[in-house]
Ligand code: SF4
Ligand code: SF4
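Numbering (my numbering), first residue to last: 69 to 426.
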């Protein structure tokens, strides 16, 4: 008989760092377009897997010496290689017992609604747009959502259905959402990525996390965001979600603004772009990064077009150069006592965080 214990043992043996199991009904409050129950209507259980991001993958950014390892290993590596292999192994254990394992890796794919703002249809993808213009000779626009998708049956949900990974992880009892909107877990703080399996097997379920709050509401993430994308708690700008009785709350981040800053850092945090380029700000292309324009797809397109050539490395994912909110969070949780307390012999940060003098 398939049990919670069997699945967790298989998950850890295959290389996951933690695993939690929930009834899929815990996601019932999600909008239909983002409710995983529509993926597989017979599914009864949702299994969440945690894959740690090694703290050292952030070291190069923390020191200002190497920016490639974090996006390639912690985004690309986990999403594309490490996590899928674990899902595959655990899926076999489930199917050997006669149940189906609907594997759902972290896709990076486009859904029926934009993953940026939930809007349907024509939501541009700035980074892909550049590739299209350069490589596909303007033949096709690339969007953050699949524009012409239609429901295939009487349920009113169109493919490809994407759901809110972090809330699903909370539902599986794996952690809580921090003020920065990152998933925080007792084992790894903000340092992990996640993936899921849905199955028609009915299992023993884990409770949602109910220990000491994992987020200290210290606002270090707010202070260290180079784009001021995360509002402070005192502004009252927050998102609140009732997840089957568990209240989840986070700062109402300006997602498009983060989109520009986490890839491009801005004047003080992008050592790949000469100071003169920011000074010149040709055609006002860098107005968004320079605090002279609000975030919009159009402004972000201008930033991407202007700065792409200064960092021509791709890992299939945006080349994140920021990680400010994550590193701030790790550092604070290590120093002030929190879920990162005592994990490492030396703290992540032993000196003042760098900022370019220009
Ligand atoms: S990833 Fe960077 S830009 Fe985005 S919220 Fe975090 S610190 Fe700000
Ligand atoms: S930095 Fe502080 S406020 Fe922000 S998510 Fe981490 S613990 Fe919460």
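All C-beta atoms in this analysis are idealised placements derived from N, C-alpha and C, irrespective of residue type, glycine included.
DSSP places residue 392 inside the alpha helix (DSSP H), whose first and last residues are 392-403. With 16 or more other Cβ atoms inside 10 Å of its own Cβ, residue 126 counts as buried.
Proximity to ligand 1 was defined by a C-beta distance below 5 Å to any of its heavy atoms, and the residues meeting it, in sequence along the chain, are 293, 295, 297, 326, 329, 330, 390, 392 and 393.
The beta carbon of residue 323 is closer than 6 Å to those of 184 in its chain, skipping five residues each way along the sequence.
Of all alpha-carbon atoms in 395, 334, 138 and 410, the one lying nearest the alpha-carbon of residue 419 is that of 395. Per the Cβ contact rule, the stretch 334-352 is not in contact with the stretch 396-409 (fewer than 3 Cβ pairs under 8 Å).
With a contact defined as Cβ atoms closer than 8 Å, residue 282 and residue 244 qualify at about 5 Å. The DSSP assignment places 288-291 as complete runs of the alpha helix (DSSP H) inside the stretch 251-293, in order along the chain (cut-off: 4 residues).
Residue 72 and residue 84 have their C-alpha atoms spaced approximately 15 Å apart. Per the Cβ contact rule, the stretch 273-289 is in contact with the stretch 235-250 (3 or more Cβ pairs under 8 Å). Boundaries of the beta strand (DSSP E) harbouring residue 172: 169-172, taken from the DSSP string.
The alpha carbon of residue 335 has as its nearest neighbour, out of 304, 411 and 425, the alpha carbon of 425. When DSSP states are grouped into helix, strand and coil, residue 145 belongs to the helix group. Restricting attention to 104, 120 and 103, the CA atom closest to the CA of residue 255 is found in 120. Restricting attention to alpha helix (DSSP H) runs no shorter than 4 residues, the stretch 330-378 encloses them at 343-348 and 365-375, ordered along the chain. Secondary structure note for residue 153: its alpha helix (DSSP H) is the uninterrupted segment 151-164. Pairing residue 263 with residue 356 gives a Cβ-Cβ distance that is not under 9 Å. In this structure residue 294 is in contact with residue 390, their Cβ atoms being roughly 6 Å apart against a cut-off of 8 Å.
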